[in-house]
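Undergrad:
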Amino acid sequence: MSFVTRFAPSPTGLLHRGHAFSALTAHKAAREAGGRFILRIEDIDQTRCRQEYEEAILEDLIWLELDWETPVRRQSDHLNDYAAVIEHLNARGLLYRCFRTRREIMEGIGQAPHGSAEAVRPGPHAPDEEARLLDEGRPFAWRLSLDRAREALGPAWDDLAFVEQGAGPDGETGVIRARPETAGDVVLARKDAGVAYHLAATHDDALQGVTHVIRGRDLFEAAHIQRLIQALMGWTAPVYRHHRLLMGPDGKRYAKRDRSQTLAELRAGGMTVKRLRAEMGFD
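Position one of the sequence shown corresponds to residue 146 (the numbering used here), numbered consecutively onward.
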């Protein structure tokens, strides 16, 4: 079996220690397996992504002594690919338009009993209301209907599963029953970008032949809804390997807002790549 994995950062800020650990983990796994390592730039959020951040990502990865295949896929260059998938899913009746704002969704969650999963399953608007909103030119997102997806898959819904070679937040490992219902009716196409993370990531993993998705444990829950998208589209499910998260001195995981631990700041402070790699257990 071939081994293909990837590192897929979003250029919405500077890379930090946590990013370095994830990139090094995936790169090491590919090299040990005699496989391929892919870099992908996930820049669909055009309100937050910046060219200077993308350039900084490349500079940081070179400093980490990583190498990757070229050309690098930049998601913003392939919006038509994702639009075709949205059109396909919509033609099958699996999507519905959602005109609700984030505030309206949050208010719905607050009114739902016990904050149930039903709160993030707003359902389609009434036909007359949808027609009015369309006539007004109101922006909308495309949501995946879990009810329609369950009908489309039939008995296969109960067999949805993915392989976890790492561990989830509660130690989940091995063959895991996928629970897409915990995510609700997720947005597959945002109002502002025409696509959302779950669809773009699963599409590109399938397109690029990714066999192993190696990423932080904070994305473990994403595997559940992504497994559903793969099943609906007939895409081969990769093996997942969710790794531990690096924690800062405050006990919280590193985030882009923590500028003191960005790779650029570490370099400026005299950190060498050899020392950083050693601290993370790679040398």
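All C-beta atoms in this analysis are idealised placements derived from N, C-alpha and C, irrespective of residue type, glycine included.
Which value, in whole angstroms, describes the spacing of the CA atoms of F242 and E424?
TA: According to the sequence shown, residue 242 is Arg rather than Phe. Looking at the two C-alpha atoms, the distance is approximately 48 Å.
Undergrad: Could you check the C-alpha separation between Q310 and V149 for me, to the nearest Å?
TA: Going by the C-alpha atoms only, they are around 15 Å apart.
Undergrad: Skipping 5 residues on each side, what residues in its chain have a beta carbon closer than 7 Å to that of G313?
TA: So the list reads R362, F365 and H387, once near-sequence residues are dropped.
Undergrad: Spatial neighbours of P216 within its chain, please: C-beta separation below 6 Å, excluding the five flanking residues on both sides.
TA: Cβ neighbours of P216 beyond the five flanking positions: none.
Undergrad: Hey, E187 and A351: beta-carbon distance below 8 Å or not?
TA: No, the pair does not count as a contact, with Cβ atoms beyond the cut-off.
Undergrad: Where does S167 land, buried or exposed, given buried means 16+ other C-beta within 10 angstroms?
TA: Classification of S167: buried, given that the 10 Å Cβ count is 16 or more.
Undergrad: In three-state DSSP terms, what is Y198?
TA: Three-state result, Y198: helix.
Undergrad: Considering Cα atoms alone, identify which of D315, I370 and R283 is closest to E326.
TA: Of D315, I370 and R283, the residue nearest in Cα terms is I370.
Undergrad: Considering only C-alpha positions, which residue in the set F427, G426, D428 and R412 is nearest to A201?
TA: Per the Cα distances, R412.
Undergrad: Quick one, are the C-beta atoms of V384 and H343 less than 8 Å apart?
TA: No; because the gap between Cβ atoms is not below 8 Å, this pair is not in contact.
Undergrad: Using DSSP with H/G/I as helix, E/B as strand and the rest coil, what is E417?
TA: According to the sequence provided, residue 417 is Thr. The question's Glu does not apply to it. T417 falls in the coil class under three-state DSSP.
Undergrad: In terms of residue numbering, what span does the beta strand (DSSP E) encompassing T150 cover?
TA: T150 -> beta strand (DSSP E) spans V149 to F152.
Undergrad: How close, in whole Å, do the beta carbons of R162 and L391 come, if the pair is a contact with beta carbons under 8 Å?
TA: That belief holds up - the Cβ atoms of R162 and L391 are roughly 5 Å apart, short of 8 Å.
Undergrad: Once DSSP output is grouped into helix, strand and coil, what is the label at I189?
TA: Three-state result, I189: coil.
Undergrad: So, under 8 Å CB-CB, I189 and A338 are touching, yes? Tell me the CB distance rounded to an integer number of Å.
TA: About 5 Å; that satisfies the 8 Å criterion.
Undergrad: Note down, in chain order, each residue of its chain lying with its Cβ closer than 6 Å to the Cβ of T157, except the 5 sequence neighbours on either side.
TA: Answer for T157: R193 and C194, listed in chain order.
Undergrad: Between which two residues does the alpha helix (DSSP H) harbouring V332 extend?
TA: Counting along the chain, V332 falls outside any alpha helix (DSSP H), though it belongs to the beta strand (DSSP E) covering V332 to A334.
Undergrad: Quick one, which of G393, L206, W287 and G282 has its alpha-carbon nearest R335's?
TA: For R335, the nearest C-alpha among the options comes from W287.
Undergrad: Within 10 angstroms of its Cβ, does V331 collect 16 or more other Cβ (buried), or is it exposed?
TA: It counts as buried.
Undergrad: Is the Cβ-Cβ distance between R322 and A306 less than 8 Å?
TA: Taking 8 Å as the Cβ cut-off, R322 and A306 qualify as a contacting pair.
Undergrad: How about L239 and A294: are their beta carbons less than 8 Å apart?
TA: Closer than 8 Å, so yes.
Undergrad: For S155, count the other beta carbons within 10 Å of its own beta carbon; 16 or more makes it buried, fewer makes it exposed. Which is it?
TA: Classification for S155: buried.
Undergrad: Using the DSSP secondary-structure output, state which residues sit across from Y385 in a beta bridge.
TA: DSSP lists E309 and V358 as partners of Y385.
Undergrad: Considering only their Cβ atoms, is the gap separating R151 from R185 smaller than 8 Å?
TA: Going by C-beta atoms, R185 is nearer than 8 Å to R151.
Undergrad: Report yes if the CB atom of V355 is closer than 8 Å to the CB atom of Y227, and no otherwise.
TA: Result no, Cβ atoms of V355 and Y227 do not sit closer than 8 Å.
Undergrad: Helix, strand or coil for W287 per DSSP?
TA: Strand.
Undergrad: From L206 to Q196, what does the alpha carbon distance come to, in whole angstroms?
TA: C-alpha separation (whole angstroms): 16 Å.
Undergrad: What is the rounded straight-line gap between the Cα of E274 and the Cα of V265?
TA: Distance between the alpha carbons of E274 and V265: 20 Å.
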